[in-house]
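Just below is one structure, and these are the notes that go with it.
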Amino acid sequence: DVKVTQSSRYLVKRTGEKVFLECVQDMDHENMFWYRQDPGLGLRLIYFSYDVKMKEKGDIPEGYSVSREKKERFSLILESASTNQTSMYLCASRSRGGIPEQFFGPGTRLTVL
Amino acid sequence: SQKIEQNSEALNIQEGKTATLTCNYTNYSPAYLQWYRQDPGRGPVFLLLIRENEKEKRKERLKVTFDTTLKQSLFHITASQPADSATYLCALAASSGGYNKLIFGAGTRLAVHP
Chain B
2 DVKVTQSSRY
12 LVKRTGEKVF
22 LECVQDMDHE
32 NMFWYRQDPG
42 LGLRLIYFSY
52 DVKMKEKGDI
62 PEGYSVSREK
72 KERFSLILES
82 ASTNQTSMYL
92 CASRSRGGIP
102 EQFFGPGTRL
112 TVL
Chain G
5 SQKIEQNSEA
15 LNIQEGKTAT
25 LTCNYTNYSP
35 AYLQWYRQDP
45 GRGPVFLLLI
55 RENEKEKRKE
65 RLKVTFDTTL
75 KQSLFHITAS
85 QPADSATYLC
95 ALAASSGGYN
105 KLIFGAGTRL
115 AVHP
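As you go down the protein sequences, you meet chains B and G in turn.
Under our numbering, think of the first position of the first sequence as 2, with each following residue one higher.
Under our numbering, think of the first position of the second sequence as 5, with each following residue one higher.
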């Protein structure tokens, strides 16, 4: 059974803290993505990566950075968390070829106080 | 500006009826469009993909249509069941710097009542 896992289901952090969200996939996928999901706004792309050590900005990269040191792992970093970064964060992966469906993790509900 | 819109109001239908969900977009020319299902507290799960040169796609009780002139996709669930209750997201492929990224609608919540 293919899997995308995320390090935490729920996370509570204080304003100004550095936050790491980890995502691991076991499907040997080249492409990985980080989205945030807010009510009424749908999923918005923060960053994506099409290969190890490669990254591209999505639609809302401000306040975030990413790291992809290994093919299976894609990390999202909030350098200094702010209350407007309270959201559901979803990681996804897909293969480079074939049907371009994305496989999603269960999500991390982050609350910044 | 570019927009993708799904009916924000929940769709309530009776078990056994056909559910029809709508996805409209403006200022995009997507190579393909996808539909996902999302249950509360979970990540979306891929259901179907339809390409720009396809009018219709079917998978079991699911049917998707794609009208690039109207800039609209319709998603049908026939013989609906309470287990079909979920939020359904449409996503279209938008070219960005040589890559295709997905642009998601906000989703429509479907409730199927026994």
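Where a beta carbon is used, it is the ideal one built from N, C-alpha and C, also for glycine.
Because the structure is a prediction, the values reported are computed rather than measured.
C-beta neighbour in chain B for residue i, strict 8 Å
i     : result
S99/G : no
Q76/G : no
R65/G : no
S33/G : no
G20/G : no
R41/G : no
Q38/G : yes
Residue burial classification, residue i (beta-carbon count within 10 angstroms, cutoff 16)
i      : result
A98/G  : buried
V68/G  : buried
V13/B  : exposed
S81/B  : exposed
P34/G  : buried
T109/B : buried
H117/G : exposed
Y103/G : exposed
M33/B  : buried
I65/B  : At residue 65/B the sequence reads Tyr, which differs from the Ile that was named. Buried, since its Cβ has 16 or more Cβ neighbours within 10 Å.
S12/G  : exposed
L1/B   : Outside the shown range of chain B (2 to 114) lies residue 1/B, about which nothing can therefore be said.
L74/G  : exposed
Distance between beta carbons of residue j and residue i, contact taken as under 8 Å
i     : j      : result
K7/G  : L46/B  : About 16 Å; that fails the 8 Å criterion.
Y36/G : E64/G  : Rounded, the Cβ-Cβ distance is 20 Å, inconsistent with contact.
L78/G : T24/G  : 6 Å
R10/B : L114/B : With 8 Å as the limit, R10/B and L114/B do not qualify as a contact, their Cβ atoms being about 18 Å apart.
Test: residue i CB closer than 8 Å to a CB of chain G
i     : result
E57/B : yes
G64/B : no
F75/B : no
Y51/B : yes
Counting only Cβ-Cβ distances shorter than 8 Å, please list the residues of the region 49-63 of chain G near chain B, keeping chain order. V49, F50 and L53
Please list the residues of the region 83-114 of chain G that have a C-beta atom closer than 9 Å to any C-beta atom in chain B, keeping them in chain order. L93, A95, A97, S100, G101, Y103, N104, K105, L106, I107, F108, G109, A110 and G111
Flag this pair as touching only if the region 6-16 of chain G and the region 67-81 of chain B have three or more C-beta atom pairs under 8 Å; answer yes or no. no
Check distances from the C-beta atoms of the region 14-46 of chain B to those of chain G and list, in chain order, the residues that come in under 7 Å. G41, L42, G43, L44 and L46
Listed in chain order, which residues of the region 82-103 of chain B have Cβ atoms closer than 7 Å to some Cβ of chain G? L91, I100, P101, E102 and Q103
Okay, do the region 44-56 of chain G and the region 102-111 of chain B touch, 3+ Cβ pairs below 8 Å being the bar? yes
Three or more C-beta pairs closer than 8 Å, one from the region 75-92 of chain B and one from the region 18-31 of chain B: is that the case here? yes
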